[in-house]
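Visitor: Under the UniProt record's numbering, think of the first position of the sequence shown as 1, with each following residue one higher.
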Amino acid sequence: MRDHARELGADIWLHARDLETGRSVGVGENTSVVTASVLKVPVALELARRSVAGEIDLTERITVPPGGVPSPYGLSVQRDDTVISYRDLAHLMIVISDNVATDLVIDRVGKDRVAALLAELGLTATAVPQNCAEILASLEEDLDIDYRDDERQLAGVPLERLQALRALVPERTCRTTPEEITRLLAGIWRDEAAPPEACALVRGWMGDQIWPHRLTSGFPGDDIVISGKTGTLPLVRNEVGVVEYADGGRYAVGVFTRAEDPAPNAPYLDALLGWAAANAVAQLRGERP
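1) Tell me which residues share the same chain as ALA278 and place their Cβ nearer than 8 angstroms to its Cβ, disregarding the 5 neighbours each side in the sequence.
2) On the DSSP bridge list, what partners appear for PHE256?
3) Starting from SER24, trace the beta strand (DSSP E) in both directions and tell me its first and last residue.
4) In whole angstroms, what separates the C-alpha of LEU117 from that of GLU46?
5) For ASP18, which three-state DSSP category applies?
6) Under 8 angstroms, do LEU284 and ARG2 count as touching if we go by C-beta distance?
7) In the DSSP assignment, what residue or residues form a beta bridge with TYR268?
8) With a threshold of 7 angstroms on Cβ separation, who are the neighbours of LEU39 within its own chain once the five nearest residues in sequence on each side are excluded?
9) Is the Cβ-Cβ distance between PRO104 and SER85 less than 8 angstroms?
10) Does DSSP classify residue 334 as helix, strand or coil?
11) Return the CA-CA distance between GLY26 and ALA280, expressed in angstroms with no decimal places.
12) Starting from the C-beta of ALA164, find all residues in its chain whose C-beta is less than 8 angstroms away, skip the five residues before and the five after it, and write them out in chain order.
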């Protein structure tokens, strides 16, 4: 798997876990990796948990003005004020990875409460010290550009300069390990990470994710259900999720990659995530990759 990734100009870290037997396979699964937007999974879980506890009303509405955290889509590009509930903000946060929605949810739940949740779950290598605005601001500062979350702006930036970005150094940004993220997903799918109603909310949001080019590309069967969350930064392509088969098999997968080419349009690297996940799940199922 590592050899194939390197042929494509990338490094890969992966963990896959059978939710029924607990068996697992991994490639560098205990390595600290940058989450990018995968950070939104624990944020969603904390919001869901607090809503079930009666601390946050998901139907509460707020008015979101135009602009905000840079993003090429979502609330950031709206031209007018948007009145929206926290339930729908959470949905946008996971389904299209909306940065504005994410930071509004983080403001509501608090980074300290997300940290407390992760500590309670024993996820000591996972941390969400920044919101989306702070991550993107660090890119602007390090590159001295007005970065709009558009990797086309990075054409011509030397690779060495990109590799040194704080947003790409796990110890200086939001981070996890492949093993810990599949442990978190296992807890959500088994109703162990929070009350069942809260876990069901997160499963529903992840099940609605619209991006088909990473994990989903490795599982073309119509009888296979993929629930996931992508993560993208310069050089970084990630996706984590749960793969569910018609025979009842369920597998949590976390795939994290880092490329040597900052080109934003690299479908072969997106497909690498699906290929790697499919190979890992095939091993757990005793099937030929």
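Each residue gets a CB set at the ideal place from its N, CA and C atoms; glycine is no exception. All values derive from a computational prediction rather than experimental measurement.
Guide: Looking at the atomic coordinates:
1) GLY218, PHE219 and PRO289
2) TRP13 and ASN238
3) 24 to 27
4) 7 angstroms
5) strand
6) no
7) For TYR268, which the question treats as bridged, DSSP gives no partner whatsoever.
8) VAL128 and CYS174
9) Reading off the sequence shown, one finds Leu at residue 104, where the question assumed Pro. No, the Cβ-Cβ distance between LEU104 and SER85 is not below 8 angstroms.
10) Since the first and last residues shown for the chain are 1 and 289, residue 334 lies out of range.
11) 8 angstroms
12) ASP142
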